[in-house]
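**Student:** Got a structure here, written out as structure tokens. Questions coming.
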Amino acid sequence: MTAAITANLPVFVVIAPLFVAFVLPTFARRMRLVEGLVIFVEALGLVGAGYLASIVLAQKGIPIIYRLGGWPAPWGIELEVGSLGAFFLLVIAGVSLPVALFARGNLTKEVGSKERVTRFYVLYLLLNGALAGMAVTNDLFNVFVLVEVATLSCCGLVSARNHPRAAEAAFTYLILATLGSTLVLGGIGFLYITTGHLNMGFSSQELGRIWQDNPHVVWVAISFMLVGFGVKSALFPLHLWLPDAHSTAPSPASAILSGLAIKGYLICLLKILYNVFGHTLIQAFAVHRILVLAGMVAIIAGSILALTQDELKRRLAFSTVAQVGYIYLGLGLVNTKGLTGMLFYLASHAVSKSALFLAAGAMIAATGKQSISELAGIGRKMPITMAVFTVGSLSLVGIPLFSGFIGKWYLILGNLEAGNIIPVAVIIIGSVLCAAYLFPIIRTAYFEPVADEDWQDPGLPQKISLILLAVAIVILGVLPGPFLELASRAAAEFLVLQ
Amino acid sequence: MRDFILKRVAAIILPFICTYGFYVILHGHVSPGGSFAGGIIVGLSFIAFSTIYGIEKGRARLPETVLTWTESFGTLWYGIMGMVGITKGAPFLANKLAGIDLGVPGTLSSGGLISLIGLGVGIRVASTIVTLFFTMMEEKS
Amino acid sequence: MRILLEKLMANYPYFAAVVLFTIGALTVMTRSNLFKKLIGINIMESGIFLMFVAAGNIRGGAVPILDEANTKSVYINPLPSALMLTGIVVSVSVTAFALALIVRLYKSYGTTDAHRIAEMRNEVSER
Chain A
1 MTAAITANLP
11 VFVVIAPLFV
21 AFVLPTFARR
31 MRLVEGLVIF
41 VEALGLVGAG
51 YLASIVLAQK
61 GIPIIYRLGG
71 WPAPWGIELE
81 VGSLGAFFLL
91 VIAGVSLPVA
101 LFARGNLTKE
111 VGSKERVTRF
121 YVLYLLLNGA
131 LAGMAVTNDL
141 FNVFVLVEVA
151 TLSCCGLVSA
161 RNHPRAAEAA
171 FTYLILATLG
181 STLVLGGIGF
191 LYITTGHLNM
201 GFSSQELGRI
211 WQDNPHVVWV
221 AISFMLVGFG
231 VKSALFPLHL
241 WLPDAHSTAP
251 SPASAILSGL
261 AIKGYLICLL
271 KILYNVFGHT
281 LIQAFAVHRI
291 LVLAGMVAII
301 AGSILALTQD
311 ELKRRLAFST
321 VAQVGYIYLG
331 LGLVNTKGLT
341 GMLFYLASHA
351 VSKSALFLAA
361 GAMIAATGKQ
371 SISELAGIGR
381 KMPITMAVFT
391 VGSLSLVGIP
401 LFSGFIGKWY
411 LILGNLEAGN
421 IIPVAVIIIG
431 SVLCAAYLFP
441 IIRTAYFEPV
451 ADEDWQDPGL
461 PQKISLILLA
471 VAIVILGVLP
481 GPFLELASRA
491 AAEFLVLQ
Chain B
1001 MRDFILKRVA
1011 AIILPFICTY
1021 GFYVILHGHV
1031 SPGGSFAGGI
1041 IVGLSFIAFS
1051 TIYGIEKGRA
1061 RLPETVLTWT
1071 ESFGTLWYGI
1081 MGMVGITKGA
1091 PFLANKLAGI
1101 DLGVPGTLSS
1111 GGLISLIGLG
1121 VGIRVASTIV
1131 TLFFTMMEEK
1141 S
Chain C
2001 MRILLEKLMA
2011 NYPYFAAVVL
2021 FTIGALTVMT
2031 RSNLFKKLIG
2041 INIMESGIFL
2051 MFVAAGNIRG
2061 GAVPILDEAN
2071 TKSVYINPLP
2081 SALMLTGIVV
2091 SVSVTAFALA
2101 LIVRLYKSYG
2111 TTDAHRIAEM
2121 RNEVSER
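Protein chains in written order, with this note's numbering: chain A, 1 to 498; chain B, 1001 to 1141; chain C, 2001 to 2127.
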């Protein structure tokens, strides 16, 4: 029994959330059961991801290959849990469990009736399953299907709040994201037509043989992929849907959208760029320069846009635009340190931004106020929430002992190794700007006169979830050991290929 | 719409349409069509029933709880069929490797678990289409 | 020029795919009516579907069903068509979801024009 479970773990981490999601609507009347099931599945996912990561670490990075239906690679669909897969599975489980805990018993105010809350959980689990699938899949068409499942469930999560603005944001998001996934599908089509394979490994081998014969097709495929995933992961000029969508969604949904959903698309882009095209093609077509440039523009522009916002959740949403810039910048650094930094920063941002969004959600729920200037003195009324918010901000800015610092440090090292000076300056300026838009919130909260109102910390599950996320940030910052090892192994594997 | 001829003809034809839908679902591996197309046909037979006899009667035939259950368990059935392989020590969704006899090519039994999996998907597709139809019709009024 | 035209004639399905894709993308970007945006998305997707299906086609190939009576040695590749079936299902669900959202937007704003909705939203938030 245990042997069967451990042998099939790569597929269980993907299908368990999906199938539980489909069964949930039948229990819609019994809210406790639904919430319990969701948290149970998330906890199981964390255990499974931890086990897979320990195996991958023990095997020195040799990936676990799982063949669906027993069909071997060029014909069948493969799941591959390598260092990258295990790393991202851990991130998914580590963020989605606290977010599910936060949502417990807390959604009826933002979402509505029991049926609507159940639907929210269904979409939440679907998104989780799709993200887990993105982490482990090794098949190009699966990438498209999972991206679409994730997109649809994200739009559903945004429109879960019963408010016309949420519907509007969801519609904009849906149209732009579908445009993006159509472009992704087009890119996959070009790859399939030129190589004849949908499996990433075989496609990459074939591409390495023939790319010099038709470089234009490869160019078109790369540009379709870049623009498609750029729209979906809100790279700066293509970010227009993000602020509305992430600020109008219910708080747990904002946390999961900003923290994880965007990262899923980035992981897909990373896999396609480095596992299919490979680093030789990236350098031959100078894609890495485009990525670094786009990342720098996104960091500066996103930070400046965030500075101008007064609404708390909108400021955090624009901050996501800026932080995605760091990840794109790291994607363009074709060396081990840069890619390690990129992966670690991805994990760090996932944890920190969800902590920030959840804390902001708790504050908005307790006070009923949206804008930052109205939250004076909240730090003394809601100490735990504001402490977690502070920890998240420090991590995002990149103060040592918090997780963001290690990611930024490796990004800077990678840039120096690649001989880029301007990106280093941009990273530092970006951190200063980040401090400029986050620290005023903390100052307002702690050092301004306390308003005479009855604001309180949220309930026990919410407190536990916030504290879990804060602890995760500190652990990642102080003892990054196994995570850093997984990230650096994954980075090294990307550069060994071809 | 409430026409005598229409109602009589529908009463005769609709059972056959529904059966044909299940035929298409089960023969997905040996003929064109499959669980999605067949599921749509099954769903359309219920939609035709509701448009001809009225939404209320259609709702009475297929109450919301029934639709929720078929929708959920159509998908769960897929998972259960996938698990058959795991219980036999083969990977998820294994068919021949799970020790299922594949019979003569071109016959119904030659697909092994495929037609059974397709049944789950078809039921799911049918109930989703019917749910969409009911939701949109009730939205209007 | 002549070679280019000949290539175009030989690969006319791809040409049609590009035309469809461009029409769809232009519709999405330039029209402000929500329904037209949605239709544009659908046209764009059909362009991509056409490209896939055309890639699987082999002129003069047989239907890929195992049949003793079939004497042709070349079969059409069924995989792209199967993939596009999945793609069509996805696009149908996107369309259904978008239509539901449009209905909700129409109920609360009374219009399906994106510009009007944006204006009304600003009025609401200024109040």
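Here a beta-carbon is modelled for each residue, glycine too, at the ideal position from N, C-alpha and C.
1. My assumption, with CB atoms under 8 Å, is that A:GLY45 sits in contact with A:VAL13. Please give the rounded CB distance.
2. At a cut of 8 Å, does the region 20-35 of chain A reach the region 1094-1107 of chain B through at least three beta carbon pairs?
3. Just the C-alpha distance for A:ILE256 and B:GLU1071, rounded to the nearest angstrom, thanks.
4. Could you tell me which uninterrupted alpha helix (DSSP H) segments, each at least 4 residues in length, are contained entirely in the region 116-203 of chain A, listed from first to last along the chain?
5. Check whether chain C comes within 8 Å of A:GLU148, counting only Cβ atoms and requiring the distance to be less than that.
6. At a Cβ cut of 7 Å, what residues of the region 1099-1110 of chain B count as close to chain E, listed as they run along the chain?
7. Quick check: the Cα distance between B:LEU1108 and B:LEU1026, rounded to an integer number of angstroms?
8. Return yes when the C-beta of A:ILE300 is under 7 Å from any heavy atom of the ligand FAD, and no when it is not.
9. Count the other CB atoms within 10 Å of the CB of A:GLU148; is the residue buried (16 or more) or exposed (fewer)?
10. Determine, using beta-carbon pairs with one atom in the region 299-308 of chain A and one in the region 431-439 of chain A, whether at least three such pairs fall under 8 Å.
11. Give a yes or no on contact between the region 420-434 of chain A and the region 1011-1021 of chain B, applying the rule of three or more CB pairs nearer than 8 Å.
12. Would you call C:ARG2127 buried or exposed, if buried means 16 or more other Cβ atoms sit within 10 Å of its Cβ?
13. Please classify C:ASP2067 as buried or exposed, where buried requires at least 16 neighbouring CB atoms within 10 angstroms.
14. Would you identify the three-state DSSP class for B:ARG1061, choosing helix, strand or coil?
15. Excluding the 5 residues flanking A:SER245 on each side, which residues of the same chain have their C-beta closer than 6 Å to its C-beta?
16. By Cβ distance, which residues of its chain are closer than 8 Å to B:SER1110, with the 5 residues on each side in sequence left out?
17. Determine the direct distance from the alpha carbon of B:ALA1060 to that of B:CYS1018, and round the result to whole angstroms.
18. Can you list the residues of chain A that B:ILE1086 reaches, using a CB-CB cut of under 8 Å?
19. Any chance the region 357-365 of chain A sits against the region 238-253 of chain A, with 3 or more Cβ pairs inside 8 Å?
20. So is A:SER159 in contact with chain C if we call contact Cβ pairs under 8 Å?
21. What does a CB cutoff of less than 7 Å around B:VAL1125 pick up in its chain, not counting 5 residues either side in sequence?
22. Can you tell which of A:ALA490, A:ILE475 and A:ARG380 has its C-alpha closest to the C-alpha of A:ILE267?
23. Would A:PHE405 and A:GLY414 be called neighbours here (beta carbons separated by less than 8 Å)?
24. Quick one: which unbroken alpha helix (DSSP H) runs of 4-plus residues sit fully inside the region 2025-2082 of chain C? Chain order, please.
25. On the DSSP bridge assignment, give the partners of A:ILE464 in chain order.
26. Under a three-way DSSP split, which group does A:LEU90 fall into?
27. Could you tell me the alpha carbon to alpha carbon distance between B:TYR1023 and B:SER1127, rounded to whole angstroms?
28. Could you round the C-beta distance between A:VAL117 and A:LEU126 to whole angstroms and report it? I think they count as a contact, below 8 Å.
29. Any beta carbon from chain C within less than 8 Å of A:TYR124's own beta carbon?
30. For the alpha helix (DSSP H) holding A:GLU311, just list the boundary residues, first then last.
31. Return no unless some Cβ of chain B is closer than 8 Å to the Cβ of A:PHE22.
32. Need the endpoints of the alpha helix (DSSP H) that B:ARG1008 sits in, please.
33. Check whether the region 24-36 of chain A touches the region 47-63 of chain A, taking contact to mean three or more Cβ pairs, one atom from each stretch, closer than 8 Å.
34. Quick one: which residues of the region 1111-1140 of chain B get their C-beta closer than 7 Å to a C-beta of chain A? List them in chain order.
35. Cutting at 6 Å between CB atoms, please list the residues of its own chain near B:GLY1118, excluding the five before and the five after it.
36. Between A:LEU101 and A:PRO461, is the Cβ-Cβ spacing less than 8 Å?
**Tutor:** For this structure:
1. In this structure A:GLY45 is in contact with A:VAL13, their Cβ atoms being roughly 6 Å apart against a cut-off of 8 Å.
2. no
3. In a straight line, the C-alpha of A:ILE256 is about 26 Å away from that of B:GLU1071.
4. 140-158 and 164-195
5. yes
6. The chain labelled as chain E is not found among the protein chains of the depicted structure, namely A, B and C.
7. Looking at the two C-alpha atoms, the distance is approximately 8 Å.
8. The ligand content of the structure shown is nil, which means the ligand FAD is not present either.
9. buried
10. yes
11. no
12. Since pLDDT at C:ARG2127 reaches only 36, below the 50 mark, its modelled position is unreliable, and no value is offered.
13. exposed
14. When DSSP states are grouped into helix, strand and coil, B:ARG1061 belongs to the helix group.
15. In the sequence as presented, Ser is not what sits at residue 245 of chain A; that position holds Ala. Correct list, in chain order: VAL158, ALA169 and TYR173.
16. HIS1029, VAL1030, LEU1102, GLY1103 and VAL1104
17. 18 Å
18. ALA4 and ASN8
19. yes
20. yes
21. SER1035, PHE1036, GLY1039, ILE1040 and GLY1043
22. A:ALA490
23. Between A:PHE405 and A:GLY414, the C-beta gap is not smaller than 8 Å, which leaves the two residues out of contact.
24. 2034-2056
25. According to DSSP, A:ILE464 shares a beta bridge with no other residue.
26. helix
27. B:TYR1023 and B:SER1127 have their C-alpha atoms spaced approximately 17 Å apart.
28. With a Cβ gap of about 15 Å, A:VAL117 and A:LEU126 do not count as contacting.
29. no
30. Segment: none, A:GLU311 is in no alpha helix (DSSP H) and carries neither H nor E.
31. yes
32. Element bounds for B:ARG1008: 1004-1026.
33. no
34. none
35. ILE1025, GLY1028 and SER1035
36. yes
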